[in-house]
Every structure is written in C-alpha cells, then in structure tokens.
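Peer 1: Residue numbers (the numbering used here): 6 to 227. Note that beta-carbon positions come from the ideal geometry of N, C-alpha and C, so glycine has one too.
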C-alpha cells in the first residue's frame, strides 16, 4: 500500500542544522506526531564520520568542519553540487529489513541515473551506486525504533577534488565521480530533483507532498 509522506527541502543548510532537523523529526515520527518525511538538502563543505569510521581515512588535517554521527559507514564529504536525501520513515512490518531498505534507496538512484543515460549499478559487497569505475552515490543510514534517519548523497556537479583529503568510505578518492563527469557536461541539482523524487516514491512506496520548513523549527511541522 502506498503511504502518504512529505518532502521538506532545506535548500543549502549547515550540516549541524540539518542534523538537528533530522533528530527532531525522528523523535516526532517515533511519537507518531508527524508523517513520514524526506529531507532534501545541500551542505556547505563538511566531512562526516559514521559509526564504522577509521581516523586513518582522514588523510590531512581537515580544513572544513567534521561531525561524528550515528549513521553507518566510514568518512565522507558533503558539499555544494551534491544532493543529500534523508528519509525519516517509519518502517512498516513488511519493510523491516535494513539491507532491503538500502537496496531500495540504491534502486531509486540507479533508475534516476538511467534517465540521464548513465549506466549505473552496484558493486558486490559495497553499499552505494557506481557508474563504471566511479562511485556517484554514497549511503549511510541509522534506524531507531524502526524509524530511519540519514540516507544518501548523490554527486551531481560536486567538486570532486574535495574528496582528496580523505579515503571516502575507506576507498581511494580517485573512485569518486559525479553525474557531470559521467556526462561530460554540467548538470544542475534542479535537473535531478524531480526524477529522483519520482523513483524514491516508487521504490519506497510513498506518495510525496511538498512542505516548507522555516528556520523557526518544529512549529512548521504540525
């Protein structure tokens, strides 16, 4: 059964603020005070370390903020030109398979890239989405009382040289790619938004409605 949900697009927000929004939405969703929500955001330059992060994958002294967060995975970079999607979803009984949930997120990204004539897929044993030798999307999630948070980052027109200060997800920085690099032309985040939302709705069995969120916080969620 397709479940109603909503989209909150934060535009460009500092990682700390978007993380706070996720935490507040998580608590509200656990109390069943808000519907399932998909948060979309671009971040200023930032590094995040997941639960499985190894400090040796920070290759140099960071020149940007670093956050240690509760998602799975290692270290990664977020920045302009990269669309981050953070689903805050209550997983129904038939959805309570974390690996299946990750595969559904990957499938939505793969279908989106296919619309741009990018042949994309998975790599055995690795989470994420690849196009040839390059990784275009990284995933890292957490689940609390069957409510999800964090999600994925899709490199659209990302400054790939920013990955050079880390081993992203424990891999060489040279594996990271973007839609713009794959296509050999600039791709705007706005071009990707609608097809990505369509395919996320299909793979997650949700029906999105747009909603605005002001910087004032949770009063806008009711």
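Where in the stretch 84 to 165 do unbroken runs of the beta strand (DSSP E), each at least 3 residues long, occur, reported from the N-terminal end onward?
Peer 2: 87 to 93, 126 to 128, 131 to 136, 139 to 149, 152 to 160
Peer 1: Per DSSP, residue 81 is paired with what?
Peer 2: 53
Peer 1: Need the endpoints of the alpha helix (DSSP H) that residue 194 sits in, please.
Peer 2: 194 to 209
Peer 1: In the DSSP assignment, find the alpha helix (DSSP H) that holds residue 228 and state where it starts and stops.
Peer 2: Residue 228 lies beyond the stretch modelled for the chain, which goes from 6 to 227, so this question has no answer here.
Peer 1: Spatial neighbours of residue 23 within its chain, please: CB distance less than 8 Å, with the 5 preceding and 5 following residues excluded, ordered by chain position.
Peer 2: 15, 44, 46, 48, 89, 91
Peer 1: Do residue 132 and residue 93 have their beta-carbon atoms positioned less than 8 Å apart in this structure?
Peer 2: no
Peer 1: Can you round the beta-carbon distance between residue 145 and residue 77 to whole angstroms, since I take them to be within the 8 Å contact cut?
Peer 2: 5 Å
Peer 1: Does residue 114 pass the burial test, meaning 16 or more other C-beta atoms within 10 Å, or should it be called exposed?
Peer 2: buried
Peer 1: Output the residue ranges of the alpha helix (DSSP H) runs that lie fully inside the stretch 164 to 190 and measure 4 residues or longer, sorted by chain position.
Peer 2: Secondary structure within the stretch 164 to 190: the alpha helix (DSSP H) runs of 4 or more consecutive residues, fully enclosed, are 184 to 188 (chain order).
Peer 1: Identify, in the order they occur along the chain, each residue of the same chain with its Cβ nearer than 8 Å to the Cβ of residue 72, setting aside the five sequence neighbours on each side.
Peer 2: 20, 21, 24, 51, 52, 53, 54
Peer 1: For residue 61, which of helix, strand or coil comes out of DSSP?
Peer 2: helix
Peer 1: Note the first and the last residue of the continuous beta strand (DSSP E) segment covering residue 38.
Peer 2: It is not in any beta strand (DSSP E) - residue 38 carries neither H nor E in the DSSP assignment.
Peer 1: Any beta carbon from chain B within less than 8 Å of residue 132's own beta carbon?
Peer 2: In summary, chain B is missing from the structure at hand, where a single protein chain is found.
Peer 1: Suppose you measure from the CA of residue 173 to the CA of residue 87; what does that come to, to the nearest Å?
Peer 2: 15 Å
Peer 1: Which same chain residues end up closer than 6 Å to residue 226 when comparing Cβ atoms and leaving out the 5 residues on each side of it in sequence?
Peer 2: Bear in mind that a pLDDT of 37 at residue 226, under 50, signals an unreliable position, so the model cannot answer this.
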